[in-house]
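Participant: Protein chains in written order, with our numbering: chain A, 4 to 344; chain B, 4 to 344; chain C, 4 to 344; chain D, 4 to 344.
In this text, a Cβ means the ideal position worked out from N, Cα and C, and glycines have one as well.
4 protein chains.
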Amino acid sequence: MFFWDCDYCEGADERILARLIETNRESLPGYGSDRYCESAKEKIRIACASADADVFFLTGGTQTNMTVISSLLSSYEGVLTAASGHIAVHEAGAIENRGHKVLELPQHDGKILPEELRAFLVSFHKNETKEHMVYPGLVYLSHPTEFGTLYTAAELSDLSLICREYEIPLYLDGARLGYGLAAAGTDVTLPILAKFCDVFYIGGTKVGALCGEAVVFPRGNAPRHFFTRIKQQGALLAKGRLVGIQFDTLFTDDLYLELGKHAVRMAEKLRDGLKKKGFTFYLSSPTNQQFLVVTRDELARIASLTTYSFWENLDEEHKVIRLATSWATKETDIDTFLAEI
Amino acid sequence: MFFWDCDYCEGADERILARLIETNRESLPGYGSDRYCESAKEKIRIACASADADVFFLTGGTQTNMTVISSLLSSYEGVLTAASGHIAVHEAGAIENRGHKVLELPQHDGKILPEELRAFLVSFHKNETKEHMVYPGLVYLSHPTEFGTLYTAAELSDLSLICREYEIPLYLDGARLGYGLAAAGTDVTLPILAKFCDVFYIGGTKVGALCGEAVVFPRGNAPRHFFTRIKQQGALLAKGRLVGIQFDTLFTDDLYLELGKHAVRMAEKLRDGLKKKGFTFYLSSPTNQQFLVVTRDELARIASLTTYSFWENLDEEHKVIRLATSWATKETDIDTFLAEI
Amino acid sequence: MFFWDCDYCEGADERILARLIETNRESLPGYGSDRYCESAKEKIRIACASADADVFFLTGGTQTNMTVISSLLSSYEGVLTAASGHIAVHEAGAIENRGHKVLELPQHDGKILPEELRAFLVSFHKNETKEHMVYPGLVYLSHPTEFGTLYTAAELSDLSLICREYEIPLYLDGARLGYGLAAAGTDVTLPILAKFCDVFYIGGTKVGALCGEAVVFPRGNAPRHFFTRIKQQGALLAKGRLVGIQFDTLFTDDLYLELGKHAVRMAEKLRDGLKKKGFTFYLSSPTNQQFLVVTRDELARIASLTTYSFWENLDEEHKVIRLATSWATKETDIDTFLAEI
Amino acid sequence: MFFWDCDYCEGADERILARLIETNRESLPGYGSDRYCESAKEKIRIACASADADVFFLTGGTQTNMTVISSLLSSYEGVLTAASGHIAVHEAGAIENRGHKVLELPQHDGKILPEELRAFLVSFHKNETKEHMVYPGLVYLSHPTEFGTLYTAAELSDLSLICREYEIPLYLDGARLGYGLAAAGTDVTLPILAKFCDVFYIGGTKVGALCGEAVVFPRGNAPRHFFTRIKQQGALLAKGRLVGIQFDTLFTDDLYLELGKHAVRMAEKLRDGLKKKGFTFYLSSPTNQQFLVVTRDELARIASLTTYSFWENLDEEHKVIRLATSWATKETDIDTFLAEI
């Protein structure tokens, strides 16, 4: 049985574990002020071509989203997102729990369209009753999206221009960023993100780490006392080294990208193999998440070989499911799966 | 110039003002513990045929919604509403500010359909990832709705049954309840509301009072320490008498219903007159809010005679506007308007 | 029986009621955009000698405190107050409900001392662990305090200087401001408040109005979208005229000050009379609240004539109680009381 | 240079790291539903002699406190704690950020006294204005306290009886619990905690783990949907295995207690050695935290050998500092320190 229902079924890349062991008995100061955190931050700044970037390490995705978003919004503001965005659906109301409305835009394979963002903002600011409404105060993107799709640099540029025109920050959730950066044909790089976003995070948990996300404010533009805000959200690790060492390793010798590339290659192999077998895909994803349209019979066959994520009922006879590869997927497993399906 | 853009353009029915003056120098205890509040509560209990009802007086609609809803929800729960519901659109995120997601159901002329409510709940509870989502914890209705429409007793019964099956309370926002109770053909009465709702409020501000809303928990089922919750939400008047005296007057000699009937009669006269003149209505409303579809020319004529509320652009050539009568609308003004339009 | 347990036992000054009646059938726009609100704001600006002041009308004291304080604080900040401050004790946790810690300073007859404020701030900023603590982000004063005492202009100046040095705003709760402005010997005036405070409110509820408080940002320094913040806190009246007309009346022909003076004169008469009878006072209050130290026998005599507020047990044999005069206190009642005690 | 300023300067016990490596490539379900989490929970239930206990794994102490406390309180309630409690001082207002006041009781070497708790509750419930105040809704203890001191079983029993009489839960913060359980002379065991507390947590981060705290509701009394509440607080790890495996190891072969005992033995050796050298202690702590009263000269000598935590200025000539041993402290370091001081 394979475990392809998600990309967080295994522990961490062994190089990370090795570094944890090597450094284990070093006595280091707490709360992320140790030398490994510093080193990791510097490597991330270099990778982002953003010498002035503020970098912070948190533990998980929902935690990062709620901390960043609540720090950037005033009480009368909400966050704009695709209706399929993680914050709108699968974070148990963490954003609302911190006082803010999640304002939904139409999603197109998980993405928002610049023209629809603009239309929303134009319409809002023309609305005579807007003073009785929630102000749009931030735009949230995920990249890759919840459907595995990617923005282009041109789309990010367009979204960024609109945000700057309306003076609202642009935030990108990179829980699976490694798989996005490694995708075939993408022109989005870390420096591109640093250029167009006001804040984004580089996901570790789903890309080879035990836990950990790196928040980047590329122009040294972190909100005041962001450290204290992290503490207040319960997001500050006493042993900050745990995440610092992991990111220091991920950003050494391009490990982060390497892990991403492996997962993408596995996904391509899986997708191409399934297509040859006649399977149909719900949409075209260049990253590690692949969405299939399956009949009951097809699903039974798949389920006999691997775990999967149920996505939705497409119609009476078809379901959409997700298979996810990861940094840990074994090529021999893909081969076996394709042989046996 | 008439002022029909809304139903809160004038002060209060003169019988209310008279009572305020008569009682003005009486020394009364604060915070709603005075004899007028007690009397008003008792009259409301009788009108609702709910001898055990808990009744509380608050000042305005948004305040009432945020206090009731936040008192009934656990932190992991959100409130279900029609997408057009006041709490979803025009309360500046007051519900989210108190930590809760507003979960939108499709709206049909401002109403939700029992079958769509049930479908949502069935789907939610079958969802394998529901533990990562906001739980539906309360159903919010407005009656009349934001479109002036009304539920039938049968619909309320259906909604109530579903709520009880899923053990979530049913809450009805009666900001304009007087105009609903007075509508032609309605079979919804205060005892009906008390039977099917777990909590509802009787709106004063828009139905003849200076301010004030009466929250009714019909089976003595107020949340623990609701008084303190009201205080914590800044919703407790030191001079509680101000609202108590108003509701005591409104529920003397059926004044509340009388005011409602007047407004509805004025709305019917306006509607029938405009229909004869060839105007088209966006939907059929039996209450004081009337929604017209107008061309630019028609709007210009209307605007020369009265204020109005812009609702939406229907298409390139037509807009939807709202005209609202109220307890204070003068019949001679309607006559003049219809003569001159 | 007299009702001197508090200063909100009667309705409103009759000149206010008269104006409500005169204007009752005028059709006015909602939400405080009517001409009476505008007129009242302008009169307040003049009285404060602050031509650029932003003025907003809310309904009650707790509501005003929670709206102002939550609008001025960042999430990592708390509000400094005397331990006896209303927000620390008697607002049911409204400040914490909006996410902020109430940081207590020692109280001295209800006041904070500039030197103790400075010491707190110095100590906080020297604290090596301050990044794990709540930052002081606002200073809250009440004037008169909960003990009826007053700051001097020099004290306000000192407090203001400290606040500006530390870049935190100074907020003054004037729930009973009329009684403070009218006190014998005070050198604090509205222009003085406007000079030294960043925001304060002029209390109406306890000084002759049915309800209503006027928030003043004297240098046009209201937080962005304060109107929407008011709405979000459930503090926006549809019929804003209700408070606007009251303040317009209170600030016509110095009515506000006149009401204050009456109450203070009644308090002086009561205090002097009781002193002559041998009663002891807990502290010296120049305003409408008087605090007596009473034995069980003395209390019994007082309780046979008037209601009172229990304050605290001083020792086994003595209690502290409060008697409050108001704009509505009758001089003949004072005479009767002093004759019969 | 030694690092004794805190007990989280090193990584994790090597047996934990070994287990992480052994299990690293196992494919496991996410969010704490894996077999290691189950195994760890079962071992904790056995250690607590609480077969029905609900056990949850979170990542850090502030996060655990805010999640547990906000789940147990109604909106009108606050949490009682010693004024020195971690939640009152060093959690950046996390409790208030979730809407609740922290109600302070006097601290005695970090502890609260049962008689003072009772006095507070008696006084609160006799207070005529209590409906305008924050209700005490939970009692928070830390054990060991922030001063390294411990409750006795009899004290916990007394506190528990009071809490049950007033129907408020008793919560114990065991961030350093391992050092408390291992202390000489203590009669508090895990089953004792399970008997007297309604919820407590077993701290991992400071007792040999990389991160992680285990929350125990000993009578299966977790609040409804506690999993979703954890998610909403950003406290749910996708790779729940990370904490599960650590606690599974800590509760195998009494490792948790063994680590505690080592630290306590090191603390005793350090304390006894320093006493012999003439150093004075601020209070008597039986656990890993030792508080010294030092002159400037003494501090200089200490600072030349180890890091330390500054606690407070005792008087003009004396400071209080903390030295903390841990599971990782080397005995040879203690020897060297005592020889050189």
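My output table needs one value for K209 (chain A): the three-state DSSP class, helix, strand or coil.
Facilitator: Position 206 of the first sequence, counted from the start, is the residue given in the question as residue 209 (chain A). It is coil, neither helix nor strand.
Participant: Assuming L175 (chain C) contacts L184 (chain C) under a Cβ cut-off of 8 angstroms, what Cβ separation, rounded to an integer in Å, is found between them?
Facilitator: Numbered from 1 along the third sequence, position 172 holds the residue referred to as residue 175 (chain C). Numbered from 1 along the third sequence, position 181 holds the residue referred to as residue 184 (chain C). 12 angstroms between Cβ atoms; not a contact.
Participant: Quick check: the Cα distance between R268 (chain C) and I305 (chain C), rounded to an integer number of angstroms?
Facilitator: In the third sequence, the residue the question calls residue 268 (chain C) occupies position 265. In the third sequence, the residue the question calls residue 305 (chain C) occupies position 302. Computed Cα separation, rounded: 20 angstroms.
Participant: Enumerate, from N- to C-terminal direction, the unbroken alpha helix (DSSP H) stretches of 4 or more residues contained entirely within the region 271-312 of chain C.
Facilitator: 299-306
Participant: Would F230 (chain B) count as contacting chain D if we go by Cβ distances under 7 angstroms?
Facilitator: In the second sequence, counting from the first residue as 1, residue 230 (chain B) sits at position 227. At least one chain D Cβ lies under 7 angstroms of F230 (chain B).
Participant: Return no unless some Cβ of chain D is closer than 7 angstroms to the Cβ of Q110 (chain B).
Facilitator: Taking the second sequence and counting its residues from 1, one reaches residue 110 (chain B) at position 107. No, Q110 (chain B) does not count as interfacial toward chain D.
Participant: Between which two residues does the alpha helix (DSSP H) carrying S73 (chain D) extend?
Facilitator: Translated into the one-based positions of the fourth sequence, residue 73 (chain D) becomes position 70. Run containing S73 (chain D): G64 to L75, per the alpha helix (DSSP H) assignment.
Participant: Report, in whole angstroms, the separation of the C-beta atoms of A241 (chain D) and G63 (chain A), which I expect to be a contact under 8 angstroms.
Facilitator: To locate residue 241 (chain D), count along the fourth sequence from 1; it is residue 238. To locate residue 63 (chain A), count along the first sequence from 1; it is residue 60. Yes, they are in contact, since the Cβ atoms of A241 (chain D) and G63 (chain A) sit about 6 angstroms apart, within 8 angstroms.
Participant: Any beta carbon of chain B sitting closer than 7 angstroms to that of K279 (chain D)?
Facilitator: For the purposes of this step, residue 279 (chain D) is taken as residue 276 along the fourth sequence, with counting starting at 1. With 7 angstroms as the cut-off, K279 (chain D) does not count as an interface residue toward chain B.
Participant: Per DSSP, which one or two residues make a beta bridge with T84 (chain C)?
Facilitator: Within the third sequence, numbered from 1, the residue matching residue 84 (chain C) stands at position 81. Answer is C:E107, bridged to T84 (chain C).
Participant: Taking Cβ to Cβ, would you say Y34 (chain A) is nearer than 7 angstroms to L239 (chain A)?
Facilitator: As a working mapping, residue 34 (chain A) is identified with position 31 in the first sequence. As a working mapping, residue 239 (chain A) is identified with position 236 in the first sequence. Contact: yes.
Participant: Residues of chain D with CB closer than 8 angstroms to the CB of A327 (chain A), please, in chain order.
Facilitator: Here residue 327 (chain A) refers to the residue found at position 324 of the first sequence. Ordered by position in chain D, no residue passes the 8 angstroms Cβ test against A327 (chain A), which lies about 11 angstroms from the chain.
Participant: Could you give the distance in angstroms between the alpha-carbon of E41 (chain B) and the alpha-carbon of F250 (chain B)?
Facilitator: Translated into the one-based positions of the second sequence, residue 41 (chain B) becomes position 38. Translated into the one-based positions of the second sequence, residue 250 (chain B) becomes position 247. Their backbone Cα atoms lie some 10 angstroms apart in a straight line.
Participant: When every heavy atom of the ligand GTP is checked, does at least one fall within less than 6 angstroms of the C-beta of T67 (chain A)?
Facilitator: Looking at this structure, you won't find the ligand GTP or any other ligand, since it has none at all.
Participant: So, under 8 angstroms CB-CB, F60 (chain B) and A217 (chain B) are touching, yes? Tell me the CB distance rounded to an integer number of Å.
Facilitator: Within the second sequence, the letter at position 57 stands for residue 60 (chain B). Within the second sequence, the letter at position 214 stands for residue 217 (chain B). Confirmed, about 6 angstroms.
Participant: Give the residues of chain B in contact with F313 (chain A), contact being defined as C-beta atoms less than 7 angstroms apart.
Facilitator: Locating residue 313 (chain A) in the first sequence gives position 310, where the first residue counts as 1. In chain order: E131.
Participant: Please check if any C-beta of chain D sits within less than 7 angstroms of the C-beta of G113 (chain C).
Facilitator: As a working note, residue 113 (chain C) is residue 110 in the third sequence. G113 (chain C) does not count as touching chain D.
Participant: State the beta-bridge partners of D176 (chain A) as determined by DSSP.
Facilitator: By one-based count along the first sequence, residue 176 (chain A) stands at place 173. D176 (chain A) is bridged by DSSP to A:S145 and A:Y204.
Participant: Is the separation between the beta-carbon of T252 (chain D) and that of A186 (chain D) shorter than 7 angstroms?
Facilitator: For the purposes of this step, residue 252 (chain D) is identified with residue 249 of the fourth sequence, where counting begins at 1. For the purposes of this step, residue 186 (chain D) is identified with residue 183 of the fourth sequence, where counting begins at 1. In this structure, A186 (chain D) does not lie closer than 7 angstroms to T252 (chain D) by Cβ.
Participant: For R179 (chain A), which option in A:Y169, A:I195, A:F150 and A:K198 has the closest C-alpha, if you only look at C-alpha atoms?
Facilitator: Position 176 of the first sequence holds residue 179 (chain A). Checking every option, the nearest Cα to that of R179 (chain A) belongs to A:F150.
Participant: Determine the direct distance from the alpha carbon of G237 (chain B) to that of T67 (chain C), and round the result to whole angstroms.
Facilitator: Position 64 of the third sequence, counted from the first residue, corresponds to residue 67 (chain C). Position 234 of the second sequence, counted from the first residue, corresponds to residue 237 (chain B). Each residue's Cα considered, the two are about 8 angstroms apart.
Participant: For Q235 (chain A), return the contacting residues in chain D, with the cut-off set at a CB-CB distance below 7 angstroms.
Facilitator: Here residue 235 (chain A) refers to the residue found at position 232 of the first sequence. Simply A95, G96, A97 and N100.
Participant: What does Y39 (chain A) touch in chain B if you count any residue whose Cβ is under 8 angstroms from its own?
Facilitator: Residue 39 (chain A) sits at position 36 when you count from the first residue of the first sequence. Per Cβ cutoff of 8 angstroms: no residues; Y39 (chain A) is ~32 angstroms from chain B at best.
Participant: Could you give the DSSP three-state label for V246 (chain C): helix, strand or coil?
Facilitator: In the third sequence, counting from the first residue as 1, residue 246 (chain C) sits at position 243. Correct three-state label for V246 (chain C): helix.
Participant: Have a look at V210 (chain A) and S36 (chain C) and give me their C-alpha separation to the nearest angstrom.
Facilitator: Indexing the first sequence from 1 puts residue 210 (chain A) at position 207. Indexing the third sequence from 1 puts residue 36 (chain C) at position 33. The straight-line gap from Cα to Cα measures roughly 55 angstroms.
Participant: Looking at the structure shown, is P221 (chain B) part of a helix, part of a strand, or coil, going by DSSP?
Facilitator: Against the second sequence, residue 221 (chain B) aligns to sequence position 218. It is coil, neither helix nor strand.
Participant: Quick check on D338 (chain D): does DSSP put it in helix, strand or coil?
Facilitator: Stepping through the fourth sequence from its first residue, residue 338 (chain D) is reached at position 335. Three-state result, D338 (chain D): helix.
Participant: Spell out whether any CB of chain A is found under 7 angstroms from the CB atom of V137 (chain B).
Facilitator: Residue numbering aside, residue 137 (chain B) sits at position 134 when the second sequence is read from its first letter. By this cut-off, V137 (chain B) is an interface position.
Participant: How is the alpha helix (DSSP H) around L61 (chain A) delimited, first residue to last?
Facilitator: Counting from one through the first sequence, the residue named residue 61 (chain A) turns up at place 58. Element bounds for L61 (chain A): not the alpha helix (DSSP H) but the beta strand (DSSP E), D57 to L61.
Participant: Any contact between the region 314-325 of chain D and the region 288-302 of chain D? By contact I mean 3 or more CB pairs, one from each, below 8 angstroms.
Facilitator: yes
Participant: Just checking my contact of I171 (chain A) with V142 (chain A) at CB under 8 angstroms: how many whole Å lie between their CB atoms?
Facilitator: If you number the first sequence from 1, residue 171 (chain A) lands on position 168. If you number the first sequence from 1, residue 142 (chain A) lands on position 139. Their Cβ separation, rounded to whole angstroms, is 6 angstroms, which keeps I171 (chain A) and V142 (chain A) in contact under 8 angstroms.
Participant: Do H228 (chain B) and W330 (chain B) have their C-beta atoms within less than 7 angstroms of each other?
Facilitator: Reading the second sequence from its first residue, position 225 is the one you call residue 228 (chain B). Reading the second sequence from its first residue, position 327 is the one you call residue 330 (chain B). No, Cβ-Cβ distance for H228 (chain B) and W330 (chain B) is not below 7 angstroms.
Participant: Would you say E134 (chain B) faces chain D, with C-beta separation under 7 angstroms as the test?
Facilitator: Numbered from its first residue, the second sequence carries residue 134 (chain B) at position 131. Yes, E134 (chain B) counts as interfacial toward chain D.
Participant: Does the beta carbon of E13 (chain D) sit closer than 7 angstroms to a beta carbon anywhere in chain A?
Facilitator: Within the fourth sequence, the letter at position 10 stands for residue 13 (chain D). So, interface residue.
Participant: Cα-Cα, which of B:L308, B:L302 and B:T328 is closest to N316 (chain B)?
Facilitator: As a position in the second sequence, residue 316 (chain B) is number 313, starting the count at 1. If we check each option's Cα against that of N316 (chain B), B:L302 comes out closest.
Participant: My assumption, with CB atoms under 8 angstroms, is that V191 (chain A) sits in contact with I47 (chain A). Please give the rounded CB distance.
Facilitator: On the first sequence, residue 191 (chain A) is found 188 positions in, with the first residue counted as 1. On the first sequence, residue 47 (chain A) is found 44 positions in, with the first residue counted as 1. Not a contact, Cβ separation roughly 16 angstroms.
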